[in-house]
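**Student:** Counting in the working numbering, the sequence shown runs from 1145 upward without gaps. For each residue, glycine too, the CB sits at the ideal point set by N, CA and C. Take this structure first; my questions come after.
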Amino acid sequence: MEVGFIGLGAMGSAMASNLLRAGHAVRGWNRSGSAGIDGILMVPDPADAFQAEVVFTMLSDDAAVREVLIEPGVLAKARPNAVHVVTATISVELVRELIAAHEEAKLGYVSAPVLGRPDAAASAQLNILTGGKAPAVEKARPLLEVLGRKLWHMGDDPVQANAAKIAVNMMITMAIEAMAEAVVLTESTGLDRGTFFDLILNTLFGSRSYESYSAHIAAGEYEPGFKARLGLKDLRLAAALAGETDRSLPMLDAVRARMAETVDAGMGESDWSAMADFTINRSEKPS
């Protein structure tokens, strides 16, 4: 199949490479103007990528989507009946705008945010949340199955997939903060954090998020897999979604404030689990 791929950062390049290895013809475009990937045809304009049958975008945030796709009017130049698959975590507000824009341009639209870090993308072990009308989802399905271990269909409304992804990322930050606060308590008695994590992982908290991020916290190493500044962006998306229904989410408010403190402390380019470092080593009780 002819595939376009816009956004060839750590995640996008791994995903595009897997599509290429699966035998698909991939044309790519990247904002950085990087040299690209062997075997991928790099095109000079995003509209050129939209001449493919199915186009993936992995852009970092709402602003990037607007800059690359909406403001230049790329959708109006797209191949007729192409399907656009948006794999990044963006706001529900923007998703609704994109749905309307794709309907006007007579293009298919699929929300397909992914669960997984660049290593999972490289090994095609992503979990992919899909939302969209059946014809568009089914056209993209063979490609999505190349990229992930499992597809999780959230509903016919693309917004539902984005809401699920935002909620998952919110819950991951809550898990990171929960482990950090537990370390503050247990280390106050001299208990080694590795011993404590061994306990929780093998009893009540043996989930993937706890396993992955406890390793970062135990080692005190926060090399970026998913950067803290992007984690803060996703928590802002969660707060905005909660605000639509005027609901109070106190845990969300707490982790959003703590992630903001982490970024403000100069750790925005570190892994988002660096929030634990801020809680354990840098925060002080208000006087």
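In three-state terms, what does DSSP make of residue 1346?
**Tutor:** On the sequence shown, residue 1346 is found 202 positions in, with the first residue counted as 1. Three-state result, residue 1346: coil.
**Student:** Look up residue 1389 in the DSSP assignment and say whether it is helix, strand or coil.
**Tutor:** By one-based count along the sequence shown, residue 1389 stands at place 245. DSSP places residue 1389 in coil when its eight states are reduced to three.
**Student:** State the DSSP-derived secondary structure class of residue 1375, mapped to helix, strand or coil.
**Tutor:** Position 231 of the sequence shown holds residue 1375. Residue state, collapsed to three classes: helix.
**Student:** Our contact map puts residue 1266 next to residue 1314 with C-beta atoms below 8 angstroms; I'd like the distance itself, whole angstroms only.
**Tutor:** Taking the first residue of the sequence shown as position 1, residue 1266 is located at position 122. Taking the first residue of the sequence shown as position 1, residue 1314 is located at position 170. Actually they do not touch by this definition, with Cβ atoms about 26 angstroms apart.
**Student:** State the DSSP-derived secondary structure class of residue 1311, mapped to helix, strand or coil.
**Tutor:** As a working note, residue 1311 is residue 167 in the sequence shown. Three-state result, residue 1311: helix.
**Student:** Between residue 1378 and residue 1404, what straight-line distance do the alpha-carbon atoms span, to the nearest angstrom?
**Tutor:** Start at 1 with the first residue of the sequence shown, and residue 1378 comes out as number 234. Start at 1 with the first residue of the sequence shown, and residue 1404 comes out as number 260. Distance between the alpha carbons of residue 1378 and residue 1404 is about 11 angstroms.
**Student:** Considering residue 1425, what are the terminal residues of the alpha helix (DSSP H) in which it resides?
**Tutor:** Sequence index remark: in the sequence shown, residue 1425 carries index 281 (1-based). Unbroken run through residue 1425: none, as it is neither H nor E.
**Student:** Excluding the five sequence neighbours on either side, which residues of its own chain have a C-beta within less than 7 angstroms of the C-beta of residue 1312, listed in chain order?
**Tutor:** Mapped onto the sequence shown, residue 1312 falls at position 168. Here the set comprises 1259.
**Student:** Assuming the contact rule is C-beta atoms closer than 8 angstroms, residue 1362 and residue 1341 should be a hit. Round their C-beta distance to whole Å, please.
**Tutor:** Taking the first residue of the sequence shown as position 1, residue 1362 is located at position 218. Taking the first residue of the sequence shown as position 1, residue 1341 is located at position 197. Going by Cβ atoms, the distance from residue 1362 to residue 1341 rounds to 6 angstroms, so yes, they are a contact pair.
**Student:** What number of angstroms, rounded off, separates the C-alpha of residue 1346 from the C-alpha of residue 1359?
**Tutor:** Here the question's residue 1346 lines up with position 202 in the sequence shown. Here the question's residue 1359 lines up with position 215 in the sequence shown. Those two C-alpha atoms are separated by around 14 angstroms.
**Student:** With a cut-off of 8 angstroms on the beta carbons, I'd call residue 1257 and residue 1305 a contact; round off their distance for me.
**Tutor:** The sequence position of residue 1257 within the sequence shown is 113, counting from 1. The sequence position of residue 1305 within the sequence shown is 161, counting from 1. Sure, about 6 angstroms apart at Cβ, within 8 angstroms.
**Student:** Classify residue 1339 as buried or exposed, calling it buried when 16 or more other Cβ atoms lie within 10 Å of its own Cβ.
**Tutor:** Your numbering for residue 1339 matches position 195 in the sequence shown. Exposed is the call here.
**Student:** Do the region 1245-1252 and the region 1275-1284 touch if we need at least three Cβ pairs shorter than 8 angstroms?
**Tutor:** With a cut-off of 8 angstroms, the region 1275-1284 and the region 1245-1252 count as touching, because enough Cβ pairs lie within range.
**Student:** Straight-line CA distance for residue 1196 to residue 1228?
**Tutor:** Taking the sequence shown and counting its residues from 1, the one referred to as residue 1196 is at position 52. Taking the sequence shown and counting its residues from 1, the one referred to as residue 1228 is at position 84. C-alpha separation (whole angstroms): 10 angstroms.
**Student:** I'd like to check one pair, residue 1198 with residue 1154: are the Cβ atoms closer than 8 angstroms?
**Tutor:** Against the sequence shown, residue 1154 aligns to sequence position 10. Against the sequence shown, residue 1198 aligns to sequence position 54. Their beta carbons are not under 8 angstroms apart, which means residue 1154 does not touch residue 1198 by this criterion.
**Student:** Just grab the DSSP bridge partners of residue 1129 for me.
**Tutor:** Outside the shown range of the chain, which is 1145 to 1431, sits residue 1129, and nothing can be said about it.
**Student:** Quick test of your reading: residue 1364 and residue 1415, contact by CB under 8 angstroms. State the CB separation rounded to the nearest angstrom.
**Tutor:** Locating residue 1364 in the sequence shown gives position 220, where the first residue counts as 1. Locating residue 1415 in the sequence shown gives position 271, where the first residue counts as 1. Wrong, their Cβ atoms sit about 12 angstroms apart, outside the cutoff.
**Student:** Contact check, residue 1183 vs residue 1174 under 8 angstroms by CB: the rounded distance?
**Tutor:** Along the sequence shown, read from residue 1 onward, the residue named residue 1183 stands at position 39. Along the sequence shown, read from residue 1 onward, the residue named residue 1174 stands at position 30. So it is not a contact: roughly 15 angstroms between Cβ atoms.
**Student:** Can you tell me whether DSSP reads residue 1217 as helix, strand or coil?
**Tutor:** By 1-based counting over the sequence shown, the position of residue 1217 is 73. In the structure shown, residue 1217 sits in coil (DSSP, three-state: anything other than H, G, I, E or B).
**Student:** Going by DSSP, what residues sit across from residue 1316 in a beta bridge?
**Tutor:** On the sequence shown, residue 1316 is found 172 positions in, with the first residue counted as 1. Paired residues: none, contrary to the question.
**Student:** Is it the case that the region 1184-1194 contacts the region 1211-1219, given that we only count it when at least three CB pairs across the two stretches are under 8 angstroms?
**Tutor:** As far as the Cβ criterion goes, the region 1211-1219 touches the region 1184-1194, which means the pair count is three or higher.
**Student:** Report the partner residues of residue 1253 according to the DSSP bridge assignment.
**Tutor:** By one-based count along the sequence shown, residue 1253 stands at place 109. Per DSSP, 1228.
**Student:** Using the Cβ count rule (16 or more neighbours within 10 Å means buried), how would you classify residue 1298?
**Tutor:** For the purposes of this step, residue 1298 is identified with residue 154 of the sequence shown, where counting begins at 1. That one is buried.
**Student:** Alpha carbon to alpha carbon, how far is residue 1301 from residue 1208? Give it in angstroms, no decimals.
**Tutor:** As a first step, residue 1208 must be located in the sequence shown, where it is residue number 64. As a first step, residue 1301 must be located in the sequence shown, where it is residue number 157. So the two alpha carbons sit approximately 23 angstroms from each other.
**Student:** Between which two residues does the beta strand (DSSP E) containing residue 1293 stretch?
**Tutor:** Walking along the sequence shown from the start, residue 1293 turns up at place 149. Looking at the DSSP string, the run of the beta strand (DSSP E) that includes residue 1293 is 1292-1299.
**Student:** Determine the burial state of residue 1425: buried for a count of at least 16 other Cβ atoms within 10 Å of its Cβ, exposed for fewer.
**Tutor:** Here residue 1425 is taken as the residue at index 281 of the sequence shown, counted from 1. Residue 1425 should be labelled exposed.
**Student:** Would you check if the distance between the CB atom of residue 1150 and the CB atom of residue 1203 is smaller than 8 angstroms?
**Tutor:** Here residue 1150 corresponds to residue number 6 of the sequence shown, with the count starting at 1. Here residue 1203 corresponds to residue number 59 of the sequence shown, with the count starting at 1. Yes; because the gap between Cβ atoms is below 8 angstroms, this pair is in contact.
**Student:** Tell me the DSSP secondary structure of residue 1263 in three-state form.
**Tutor:** For the purposes of this step, residue 1263 is taken as the residue at position 119 of the sequence shown. Reduced to three states, the DSSP call for residue 1263 is helix.
**Student:** Note down the Cα distance separating residue 1384 from residue 1239, rounded to an integer number of angstroms.
**Tutor:** For the purposes of this step, residue 1384 is taken as residue 240 along the sequence shown, with counting starting at 1. For the purposes of this step, residue 1239 is taken as residue 95 along the sequence shown, with counting starting at 1. Their Cα atoms are separated by approximately 13 angstroms.
**Student:** Starting from residue 1233, trace the alpha helix (DSSP H) both ways and give me its first and last residue.
**Tutor:** The residue given as residue 1233 occupies position 89 in the sequence shown. That residue, residue 1233, is in no alpha helix (DSSP H); it is neither H nor E in DSSP.
**Student:** State the DSSP-derived secondary structure class of residue 1415, mapped to helix, strand or coil.
**Tutor:** By one-based count along the sequence shown, residue 1415 stands at place 271. Residue 1415 falls in the strand class under three-state DSSP.
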